[in-house]
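Residue numbers (mature numbering (1 follows the signal peptide of the UniProt record, and there is no 0)): -27 to -1, 1 to 267. Glycine is no exception: its CB is placed at the ideal position from the N, C-alpha and C atoms. A quick write-up on the structure given underneath.
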Amino acid sequence: MRTSRVIPPARVLLPLLLMLAAGCTDAYKPVIIVHGIFDGPKELETLSGFIEEVHPGTEVILIDLLNYRSSIEPMWKQVDKFGKVIQSIMQRSPEGVHLLCFSQGGLICRGVLSLIPNHNVHTFIALSSPLAGQFGDTDYVSRVFPDRAKTKVYVFCYNKFGQKLSVCGYWKDPHHTSEYLRHNIFLPLLNSEKQHSNMKEWRENFLRIKKLVLIGGPDDGVITPWQSSHFGFYDCEENVVEMKNQEFYVKDTFGLQTLDARGDLSVCVQSGVKHVEWHSNFTVFTTCMEEWLV
C-alpha cells in the first residue's frame, strides 16, 4: 500500500505554473523505472508517487517484468528482455525519456544503454546499484548462496553454470581477478575491463545519455562496498579504490571520464539510508533525483 504524503503547496504550484506557461500538460519526459533483484514494480510505487506528485502530468512506467524469483535470471537475458520493453517506450516518446533503475536494475539499464544504438534516454539515474561489482555477505547474497561465505562464492559463480544466475554476473572477487576476467561474461564486458569487439560501439551508445546520476551511501547494508554505487571498488587488499582511480575511468573505456569532463556526471551520497529504503525516502528523491527528472 502506498503511503500518503503531503507535498508542500509551493512544490506542486511551481511545476503546474511551468506547465501552463509551456501551454501543455505533458511538459515532463516519461520516466521508466526498473526494479532490483527479488523486487517487482509494487516495491517502486512509492517512488513513482513522488514523481507524479512533484512533477504533475509525468508519465511514469513501472516495468512489470522478471519480478521476484525471476529476477535471478542471467544478466544478458534480462538486458535483452528489459531492452525490448524500454525500446518500445522510447519509440513512442520522441521527446526522450528518463531511466531510473534500482539496485541490480541499474546494471540491467547500463546493459540496455550500451546495446541500443540511437536511444533517446536523457537522464540515467542509478539508484544504489552495484555498478563496479558486488563482494560481500548480505541477506540478498545468502538467499542465492546459502551457507557460502563471500570468499567461496567465486567457486560457484565463475563457470558456465554460475553465470546463469544474475548475481554471478556482477560478483567481483578482488582476490580472484584472473578468474573473474576469464569466466564472468557480464560485468567485465560492460565495464570494458577486458577487450571485446563491441567496446567502441557500446561506448558511443552509452555516451548518448545527457546526464548520469549515481546515488548511494555508507549505511546501505547491501551494496558492498557501498562505493560500488559510485563506481568505486576494492583492491586485492579490500581497500576501496574510488571511481576516478579505477582503470576503466582513467582509460575512459566506456565513457565515464568523458561524461565527467562534460559536466554530465552527478554523484549523490546520502547517509542513514538502508538499501530497501532508497526508493521510499522522500529526502533522497528531492535531494538526488527531482531536479533531473524534467
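DSSP lists Trp144 as the beta-bridge partner residues of glutamine 107. As for any alpha helix (DSSP H) of minimum length 4 sitting wholly inside the region 203 to 235, the runs are 220 to 223 and 229 to 235, ordered along the chain. Rounded to whole angstroms, the gap between the alpha carbons of glutamate 211 and leucine 187 is 22 Å. Pairwise C-beta distances place the region 173 to 190 out of contact with the region 151 to 161, as fewer than three of them are shorter than 8 Å.
Exclusion of the five residues before and after serine 21 leaves Ile6, Val33 and Leu35 as the residues of its chain whose Cβ lies within less than 7 Å of its Cβ. Across the set Gln64, Glu215 and Ile182, the C-alpha of Ile182 shows the shortest separation from the C-alpha of phenylalanine 227. Looking at the backbone, the Cα of tryptophan 49 and that of cysteine 141 are separated by about 12 Å. The continuous alpha helix (DSSP H) containing histidine 156 extends over residues 150 to 156. Judged by beta-carbon spacing, alanine 99 lies within the 8 Å limit of glycine 79, meaning their Cβ atoms are closer than that value.
With 16 or more other Cβ atoms from the protein chains shown falling within 10 Å of its own Cβ, alanine -1 counts as buried. When DSSP reads this structure, lysine 184 sits in a beta bridge with Thr96. Taking the Cα positions, glutamate 215 is about 33 Å away from glutamine 60. Close CB contacts of leucine 229 within its chain, under the 6 Å cut and outside five residues either way in sequence, are with Tyr222 (chain order).
With respect to the C-alpha of leucine 162, the residue from Thr260, Asp110 and Tyr143 having the closest C-alpha is Tyr143. For leucine 35, the enclosing beta strand (DSSP E) starts and ends at 33 to 35. For leucine 38, the secondary structure class from DSSP, reduced to helix, strand or coil, is coil. Between glutamine 136 and proline 47, the gap from beta carbon to beta carbon is short of 8 Å. C-alpha of aspartate 37 to C-alpha of phenylalanine 75: approximately 14 Å in a straight line.
Approximately 7 Å separates the beta-carbon atoms of glycine 194 and threonine 111; this is inside 8 Å, confirming the contact. Taking 8 Å as the cut-off, the beta carbon of leucine 86 is found no closer than this to the beta carbon of histidine 95. Take the alpha-carbon of proline 3 and the one of phenylalanine 129: they are about 40 Å apart.
Separation of leucine 238 and lysine 184 (C-alpha to C-alpha, rounded to the nearest whole angstrom) is 6 Å. Separation of serine 244 and phenylalanine 258 (C-alpha to C-alpha, rounded to the nearest whole angstrom) is 14 Å. Of Gly9, Ala122 and Leu88, the smallest CA-CA separation from serine 170 is found for Leu88.
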